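Taking the working numbering, the leading residue of the sequence shown gets 134, the next gets one more, and so forth.
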Amino acid sequence: MSEKYLAQPDLDFIHEVIGLGGDTLKKCFQCATCSVACPIAPENSPFPRKEMIAASWGLKDKLIGNADIWLCHECGDCTTLCPRGAAPGDVMGAIRSIAISEYAQPKVLAKAVNDRSQLPKLIAVPAIWLALMAFITVFMGDFMAKIFNVFGVHWYHGDHGGEVIAHANFISSWLVDATFVPLLTASLVVFALGLKRFVSDIHENAVLNGKTDKAELNFKELVMSTIRVIPTILLHKKFNECGENNSRATSHMMLLYGFVGCAIVTGIFFVVLYIFGIPGPYSQLNPVKWLGNVSGILIILGATLLIKDRMAKKSETSTFKDWYLLALVAGLGITGLLSEMTRLGGAKYLTYLVYYIHLIFVFNLFAFLPFSKMAHFVYRTVALGYAEYANRK
Ligand code: SF4
Ligand code: SF4
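Below is the structure:
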């Protein structure tokens with residue numbers, strides 16, 4: 134048996150769970166109503182009662198490598214029915230936050246994203262960096278052109294036929310891409326390293342606890358199982374099985390489709406610009422433009438509904454990490470759409486300002502993706518794929 138599953142109570146972990154919204158942890162008297170009430174818990178070793186017990190004992194290692202914490206959709210059905218007024222759904226959410234911080238490296242960034250006092254730094258770093266990029270673009274254009282010409286590369290100013298293309302002119306697309314491509318690449322590497330450990334841990338946990346009969350992990354089969362659960366995720370089928378908060382499934386789907394749409398638009402824009410040499414912005418009649426606009430509206434609507442829902446549910450614990458994510462998502466959508474509207478309205482300097490703020494949000498999204506609550510999209514997808522692979526229905 135692996136040493137990591139020998140019980141070693143971790144008091145710091147208990148305090149962390151309590152601080153991240155699991156403050157009702159100690160109310161639990163282990164009646165198991167929650168596990169019976171949960172509409173999506175498997176029959177074999179159901180959650181969340183066993184997680185409540187493990188968390189109150191401080192069994193951190195047993196919990197963060199447990200795929201079941203990711204099968205929970207935090208719908209709150211169990212919380213509503215708990216006879217002790219505990220909130221197992223919130224405890225599961227707190228454990229997931231700690232798991233995200235454990236699998237993402239460096240840990241200092243994970244801590245910063247969950248720490249309210251660090252918020253000014255999370256904003257100041259991209260604000261200063263992007264201001265520097267804007268300064269270089271606006272005041273050092275000729276100098277940069279000479280440097281780029283040395284390497285035979287055309288310095289892109291985004292000024293076409295006399296029309297000032299606000300967003301491209303303000304911060305050259307070269308500097309924007311030179312910032313965001315490495316950032317996104319770094320985030321993907323952090324995710325890849327975290328997922329490698331995550332998959333190995335959840336498999337070891339499943340074998341030890343009899344949740345799978347597959348002793349050896351077959352990565353190819355796991356990938357195929359993960360692909361098979363994608364329709365379930367896209368339609369939020371599991372979320373729709375919940376009773377208490379299944380209206381959230383609609384807002385979650387809006388965000389999911391909004392982000393997928395924006396990713397497709399960004400990918401197309403990138404390829405068309407760098408491979409075919411055609412810069413934006415596109416005509417309003419272009420289907421890519423339509424996809425971008427609809428995606429932006431979906432993000433704003435989804436975020437608004439989720440914020441409204443959280444404000445209405447006083448019984449649920451909303452922590453800094455929840456509000457950080459909601460503000461980030463809403464800010465991305467609103468500033469993205471506003472920068473387009475102000476540009477179309479000819480308000481050049483207002484467009485500069487709004488687009489600058491939009492880029493600060495994008496920087497936060499890309500840089501802190503593996504460290505924030507947003508990472509749940511990746512871990513939950515893999516955990517659902519693993520449940521399919523392990524025949525844990
Ligand atoms: S969290 Fe509530 S419902 Fe679940 S085992 Fe504890 S007391 Fe029972
Ligand atoms: S919050 Fe919902 S999905 Fe999560 S354990 Fe409770 S009932 Fe199940």
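Just so it is clear, CB atoms sit at the ideal spot from N, CA and C, and this is done for glycine as well. Predicted, not measured: the structure shown is a model, and the values here were computed from it.
Buried versus exposed, by CB contacts within 10 Å (16 or more), residue i
i	result
L418	exposed
A232	buried
G218	exposed
R525	buried
C205	buried
C161	buried
H216	The residue asked about is misnamed: residue 216 is Pro in this sequence, not His. Exposed, since its Cβ has fewer than 16 Cβ neighbours within 10 Å.
G410	exposed
A264	exposed
L458	buried
S236	With the sequence shown as reference, residue 236 is identified as Tyr, and Ser is not the correct amino acid for it. It counts as buried.
H118	The question about residue 118 has no answer here: the residues shown for the chain are numbered 134 through 526.
K254	exposed
R229	buried
D194	buried
K506	buried
P221	buried
G394	buried
Y407	exposed
K183	buried
G376	exposed
A339	buried
V487	buried
G479	exposed
Integer-rounded CB distance, given that residue j should sit under 8 Å from residue i
i	j	result
G435	G469	Incorrect: roughly 14 Å between the Cβ atoms, too far for contact.
L242	F501	7 Å
V515	T359	6 Å
R381	L439	7 Å
G155	D223	6 Å
A200	A520	6 Å
D210	P175	So it is not a contact: roughly 15 Å between Cβ atoms.
E503	S320	What sits at residue 503 in the sequence shown is Pro, not Glu. Between S320 and P503 the Cβ distance is about 5 Å, and since that is below 8 Å, they are a contact.
L158	M185	7 Å
I432	L388	6 Å
P259	N497	7 Å
L214	A257	Incorrect: roughly 45 Å between the Cβ atoms, too far for contact.
Whole-angstrom distance between residue j and residue i, CA atom to CA atom
i	j	result
P420	V427	10 Å
I401	L367	22 Å
F392	T270	29 Å
N351	N177	22 Å
A227	Y415	43 Å
A396	G425	9 Å
T484	P142	54 Å
Y522	Y512	15 Å
L252	W456	12 Å
V150	W203	16 Å
E349	S333	10 Å
L492	Q163	48 Å
N247	K454	5 Å
K344	C167	19 Å
G295	E354	Any reading at G295 must be qualified, since the residue scores a pLDDT of 38, below 50, and its modelled position is unreliable; the value itself is stated next. Approximately 56 Å, taken between the alpha carbons.
M386	F272	43 Å
M444	W423	32 Å
L517	V362	7 Å
W190	M474	54 Å
F146	H509	19 Å
R330	F324	10 Å
F303	Y390	With a pLDDT of 45 at F303, under the threshold of 50, the modelled position of that residue is not reliable, and the figure given next carries that caveat. Roughly 29 Å between the two C-alpha positions.
H308	T399	Rather than His, the amino acid found at residue 308 in this sequence is Leu. Cα to Cα, the separation comes out at about 16 Å.
V462	F494	8 Å
M225	L196	10 Å
I490	I261	11 Å
P364	F403	27 Å
L471	M266	21 Å
F180	E207	12 Å
V356	F372	22 Å
F313	F499	7 Å
Considering only residues of the stretch 439-485, which uninterrupted alpha helix (DSSP H) runs meet the minimum length of 4 residues and lie entirely inside it, listed in chain order?
453-477
Report the residue ranges of all alpha helix (DSSP H) runs contained in full by the stretch 312-367; include only those spanning at least 4 residues, in chain order.
Counting only runs of at least 4 residues, the stretch 312-367 fully encloses the following alpha helix (DSSP H) elements, listed from N- to C-terminal order: 352-361 and 363-367.
Counting only runs of 4+ residues fully inside the stretch 364-398, write out the alpha helix (DSSP H) ranges in chain order.
370-373
What runs of the alpha helix (DSSP H), each 4 residues or longer, lie entirely inside the stretch 227-281?
240-246 and 252-272
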